[in-house]
Amino acid sequence: MKYFIAADHAGIDIKAYVKELFEARGHEVIDLGPNSKDRVDYPDFAAKLCKEVLSNEGSKGILICGSGIGMSMAANKFDGIRAALCHNEYSAQMAREHNDANVICLGERVSGFGMVEAIVEAWDKASFEGGRHEGRVEKINNLFGSCRA
């Protein structure tokens, strides 16, 4: 599986940690930056990652900022992205199994390294269940155009 990962200045430490975890699990991980704690704007990195996920079929994305909120809001502006902000294992598992989340968002200032490891492991292990959830995910996918004023 190919994963793209990006952060802002408040997510650098967790980004490096998550990248190592996914590589240890045998995944290809492409780091889209940044690589320093110099201040950057999270929407720029969310956009960069979402464009890569959308143009690389079957890939997934991991976004990290201080709270995870800004990254999730920015990512969900992209048609075809289903980004889930997860603070625990259960939400990560359900995001994948029920919502087919193709991007997970994490908050470095919210979740410690141990919890982040549990979250990303749950998300990585889970698979979309399909079935009764397919119609709901399709409705999510179709909302983009209908939500414009």
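Each residue of the sequence shown is one higher than the one before, starting from 418 at the first, in the working numbering.
No residue lacks a Cβ here, since even glycine has one placed at the ideal position from N, Cα and C.
Quick caveat, the model's predicted, so the values are computed rather than measured.
Taking only runs that begin and end inside the stretch 428 to 513, name each unbroken beta strand (DSSP E) of 3 or more residues, in chain order.
445 to 448, 477 to 482, 500 to 502
If you draw a straight line from the alpha carbon of GLU538 to that of ASP458, how long is it in whole angstroms?
For the purposes of this step, residue 538 is taken as the residue at position 121 of the sequence shown. For the purposes of this step, residue 458 is taken as the residue at position 41 of the sequence shown. Rounded to the nearest angstrom, the two C-alpha atoms are 27 Å apart.
Other residues of its chain near ASN519: CB distance less than 7 Å, five sequence neighbours each side excluded:
Position 102 of the sequence shown holds residue 519. Once the five neighbours on either side are set aside, the close Cβ partners of ASN519 are VAL470, LYS477, GLY478, ILE498, ARG499.
Going along the chain, which residues of its own chain have a beta-carbon closer than 8 Å to the beta-carbon of VAL449, five neighbours each way excluded?
Numbered from its first residue, the sequence shown carries residue 449 at position 32. The sequence shown places Leu at residue 449, rather than the Val named in the question. Closer than 8 Å at the Cβ level, and outside the excluded window around LEU449, lie PHE421, ILE422, ALA423, PHE462, LYS465, LEU466, GLU469.
Is it the case that the Cβ atoms of ILE429 and ASN452 are separated by a distance below 9 Å?
Within the sequence shown, the letter at position 12 stands for residue 429. Within the sequence shown, the letter at position 35 stands for residue 452. Cβ distance < 9 Å, so ILE429 and ASN452 count as in contact.
CA nearest to the CA of GLY443, picked from LYS556, ASP541, PHE545, GLY552
Walking along the sequence shown from the start, residue 443 turns up at place 26. Nearest of LYS556, ASP541, PHE545, GLY552 to GLY443, Cα basis: ASP541.
From what residue to what residue does the alpha helix (DSSP H) around PHE421 run?
Taking the sequence shown and counting its residues from 1, the one referred to as residue 421 is at position 4. Counting along the chain, PHE421 falls outside any alpha helix (DSSP H), though it belongs to the beta strand (DSSP E) covering 419 to 424.
Alpha carbon to alpha carbon, what distance is there between MET418 and GLY475?
For the purposes of this step, residue 475 is identified with residue 58 of the sequence shown, where counting begins at 1. For the purposes of this step, residue 418 is identified with residue 1 of the sequence shown, where counting begins at 1. Their Cα atoms are separated by approximately 8 Å.
Name the residue from GLU445, ASP425, LYS436 whose alpha carbon lies nearest to the alpha carbon of PHE530.
As a position in the sequence shown, residue 530 is number 113, starting the count at 1. Cα-wise, what sits closest to PHE530 is LYS436.
Which residue comes first and which comes last in the beta strand (DSSP E) that contains VAL648?
Given that the chain is displayed from residue 418 to residue 566, the structure contains no residue 648 and the question cannot be resolved.
If we ignore side chains and look at the alpha-carbon of each, how far apart do ALA566 and LYS494 end up?
Residue numbering aside, residue 566 sits at position 149 when the sequence shown is read from its first letter. Residue numbering aside, residue 494 sits at position 77 when the sequence shown is read from its first letter. Its pLDDT being 47, under 50, ALA566 is placed unreliably by the model, and the measurement read from it follows with that caveat. Their Cα atoms are separated by approximately 15 Å.
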